[in-house]
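Quick note, the sequence shown lines up with residues 218 to 336 if you use my numbering.
Positions of the beta carbon are idealized from the N, C-alpha and C atoms, including for glycine.
Scroll down for the structure; my scribbles are underneath it.
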Amino acid sequence: MATLPTDRPRETALPAWLLLPAAVGLLAGGGLAVSWAYREPTAPEVAAAVRTARALPRPPDEAGVYAVTTAVEHGARVVKVRVTASGDELIVDGETGRLIEARPCKPTSGVATPGFLAP
């Protein structure tokens with residue numbers, strides 16, 4: 218009598234013991250790629266991102282501006298601009314150039330002297 222061929226199980230492309238290390242390697246590689254994408258910037262990248270101090274601009278026409286002064290208020294450099302002697306004072310941030318506030322001018326009334334109300 219003739220013997221029938223026996224069906225052998227088909228071999229997989231990867232051995233079963235190699236599946237777990239391959240999965241761990243893929244996860245570790247993905248984690249490294251994500252951490253590299255969101256890493257802290259290095260010193261040259263930080264230095265490029267830091268703003269350099271700006272030089273304060275001069276008024277275009279000295280006759281058209283009453284006063285331009287610089288000061289430090291609450292830890293920030295500011296530029297105070299007054300167009301006329303009796304006008305409001307504009308307070309501008311010295312780093313960004315943004316308007317912080319407009320202060321009304323101080324009253325220029327004379328000093329009150331006490332006097333007698335009764336004759």
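| message | Using DSSP's beta-bridge definition, name the partner residues of Ala-233. | response | Here residue 233 corresponds to residue number 16 of the sequence shown, with the count starting at 1. DSSP, once it has assigned bridges, lists no residue as partnering Ala-233.
| query | Quick one: Cα of Ala-319 to Cα of Asp-305, how far? | reply | Stepping through the sequence shown from its first residue, residue 319 is reached at position 102. Stepping through the sequence shown from its first residue, residue 305 is reached at position 88. Approximately 7 Å between the Cα atoms of the pair.
| Val-289 burial status per 10 Å Cβ neighbour count (16 or more: buried) | Residue numbering aside, residue 289 sits at position 72 when the sequence shown is read from its first letter. Flag for Val-289 reads exposed.
| request: Would you mind sorting Val-298 into buried or exposed? The rule is 16 or more other CB atoms within 10 Å of its CB. | output: Residue numbering aside, residue 298 sits at position 81 when the sequence shown is read from its first letter. Classification of Val-298: buried, given that the 10 Å Cβ count is 16 or more.
| said: Looking only at its chain, what residues have a beta carbon closer than 6 Å to the beta carbon of Val-309, apart from the 5 residues adjacent to it on each side? | reply: Counting from one through the sequence shown, the residue named residue 309 turns up at place 92. Cβ within range, chain order: Val-296 and Leu-316.
| For Val-300, does the three-state DSSP call read helix, strand or coil? | Residue mapping note: residue 300 aligns to position 83 of the sequence shown, counting from 1. In this structure, Val-300 counts as coil in the three-state DSSP scheme.
| task | Tell me, to the nearest whole angstrom, how far the beta carbon of Tyr-283 is from that of Ala-302; I am working on the premise that it is less than 8 Å. | result | Position 66 of the sequence shown, counted from the start, is the residue given in the question as residue 283. Position 85 of the sequence shown, counted from the start, is the residue given in the question as residue 302. Contact holds; Cβ gap of about 5 Å.
| message | Taking only three categories from DSSP, how would you classify Val-295? | response | Start at 1 with the first residue of the sequence shown, and residue 295 comes out as number 78. Strand.
| message | If the criterion is Cβ atoms closer than 7 Å, does the pair Arg-294 and Gly-314 meet it? | response | Locating residue 294 in the sequence shown gives position 77, counting from the first residue. Locating residue 314 in the sequence shown gives position 97, counting from the first residue. Going by C-beta atoms, Arg-294 is not nearer than 7 Å to Gly-314.
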